[in-house]
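Residue numbers (full-length UniProt numbering): 1 to 290.
Every residue, glycine too, gets a C-beta built ideally from N, C-alpha and C.
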Amino acid sequence: MLELPPLPHDLPWATPAYLLLDGVSVPDLVQRLHPWGNPAYNLYLNTRWHELLDISPCLIALNGLHDPLLAYFQEHAALEWGYLLFSSADVHKLCEHWRHLLCVEQVDGVDVMPRIADPAVMHQLFSIAVQDRSARWFGPVTHVCLPDGVEGVWRQHARPHQAIAEPATYRLTDQELTALGSVEFRNAVSGLIEHLHKYFPDLLATLAPTAQRSYVQNMTEQAYQQGFCSDQELSFYANVFGYLAGQPLTDHPDIAHLLTKSRPDALLARVKLAAELAELRADQRQGSQP
Numbered sequence: 001m002l003e004l005p006p007l008p009h010d011l012p013w014a015t016p017a018y019l020l021l022d023g024v025s026v027p028d029l030v031q032r033l034h035p036w037g038n039p040a041y042n043l044y045l046n047t048r049w050h051e052l053l054d055i056s057p058c059l060i061a062l063n064g065l066h067d068p069l070l071a072y073f074q075e076h077a078a079l080e081w082g083y084l085l086f087s088s089a090d091v092h093k094l095c096e097h098w099r100h101l102l103c104v105e106q107v108d109g110v111d112v113m114p115r116i117a118d119p120a121v122m123h124q125l126f127s128i129a130v131q132d133r134s135a136r137w138f139g140p141v142t143h144v145c146l147p148d149g150v151e152g153v154w155r156q157h158a159r160p161h162q163a164i165a166e167p168a169t170y171r172l173t174d175q176e177l178t179a180l181g182s183v184e185f186r187n188a189v190s191g192l193i194e195h196l197h198k199y200f201p202d203l204l205a206t207l208a209p210t211a212q213r214s215y216v217q218n219m220t221e222q223a224y225q226q227g228f229c230s231d232q233e234l235s236f237y238a239n240v241f242g243y244l245a246g247q248p249l250t251d252h253p254d255i256a257h258l259l260t261k262s263r264p265d266a267l268l269a270r271v272k273l274a275a276e277l278a279e280l281r282a283d284q285r286q287g288s289q290p
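In structure tokens, the structure reads:
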């Protein structure tokens, strides 16, 4: 993740400001917020998800640009804990809007819970709404400012003037589903970068941050092409290259065979075995060194 610059200078501070924070991304969110005493609205409260309050998104009222909580948020902006939004609507109406979006439908009518406080997710959905000149996802929100820790920038979106009305029922469009798929891939790449830094730091040590992401993005694309898409499968796939430490996969045909799409059976078992073989080769290399 890249450090973000200060907030953009042209934000509409004449309008009441809020933070929408993601309880999944911020461990112990309620406890973290307590020292500041800002009014906080837990969006799972009085809903069918009330037992999951510890991971609920929270809407927090801010006291303008110089609010100490906002300064704390900016210090950690690259972690993408949530985003800044502006609205003149009554706070209860604002909470009602976000609670309405906690569960939406996919194209086939199946319910899904979008990560409404995740900046990467909402950047995509707001972008499509602006493109369609729609109040979709915005509701009574007039402006949003979202951190992008991958690019190291702030993303801004404003609800279009004379926007098409917000729909009564939300059903994800094909375009939105495709956009959310790109967020899932982005998160997979970020997760593998962290994994490699933790377990195989030498593999990325010689690369600049942008080159690291490009390298891991190519690795993730290759894994997807071979059918390895779950977090566990991707971790084992990355382990293969971590243990091989730059050796070409072609030098290890047995491992390469386990990773090929020509064997669609038992994906997790195959990639796990490939990682175990690669670890064995690494041990053998170390044992043969004088």
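Asked, Found
"Given Gln217, which residues of its chain have a CB within under 8 Å of its CB, disregarding the five upstream and five downstream residues?", "Val189"
"What is the rounded straight-line gap between the Cα of Met113 and the Cα of Leu273?", "34 Å"
"Give the secondary structure of Ile164 by DSSP, where H, G and I count as helix, E and B as strand, and everything else as coil.", "strand"
"Give the range of the alpha helix (DSSP H) segment to which Gly191 is assigned.", "174 to 199"
"Identify, in the order they occur along the chain, each residue of the same chain with its Cβ nearer than 6 Å to the Cβ of Pro119, setting aside the five sequence neighbours on each side.", "Glu80, Tyr83, Leu146, Pro147"
"From the DSSP output, read off the bridge partner residues of Ile60.", "Leu19, Ala40"
"Quick check on this structure: which residue in Val121, Val130, Ala275 has the alpha carbon closest to the alpha carbon of His252?", "Ala275"
"So, Glu105 versus Arg171, is the Cβ gap smaller than 8 Å?", "yes"
"Using the Cβ count rule (16 or more neighbours within 10 Å means buried), how would you classify Asp22?", "buried"
"Under a Cβ-count criterion, where at least 16 other Cβ atoms within 10 Å of its own Cβ denotes burial, should Pro68 be classed as buried or exposed?", "exposed"
"Bridge partners of Trp154, per DSSP?", "Pro147"
"From the DSSP secondary-structure annotation, give me the bridge partner or partners of Gly82.", "Leu21"
"Determine the direct distance from the alpha carbon of Val121 to that of Gly181, and round the result to whole angstroms.", "10 Å"
"Spell out the partners DSSP gives Ser134 in its beta bridges.", "Ile164"
"Using the C-alpha atoms, what's the distance from Arg48 back to Glu3?", "37 Å"
"Distance check for Leu259 and Gln225, CA to CA, integer angstroms please.", "10 Å"
"Alpha carbon to alpha carbon, how far is Ile60 from Glu194?", "29 Å"
"Is Leu19 near Leu65, with beta carbons less than 8 Å apart?", "no"
"Where DSSP assigns a beta bridge to Asp111, which residues make up the other side?", "Glu105"
"Rank His143, Leu244, Leu125, Val91 by C-alpha distance to the C-alpha of Ala282 and give the top, closest one.", "Leu244"
"Please report the distance separating the alpha-carbon of Thr15 from that of Ser88.", "6 Å"
"What residues are listed by DSSP as bridge partners for Arg171?", "Glu105"
"Just the Cα atoms here: how many angstroms apart are Arg34 and Asp28?", "The residue you asked about is not Arg; residue 34 is His in the sequence shown. Roughly 10 Å separates the two Cα atoms."
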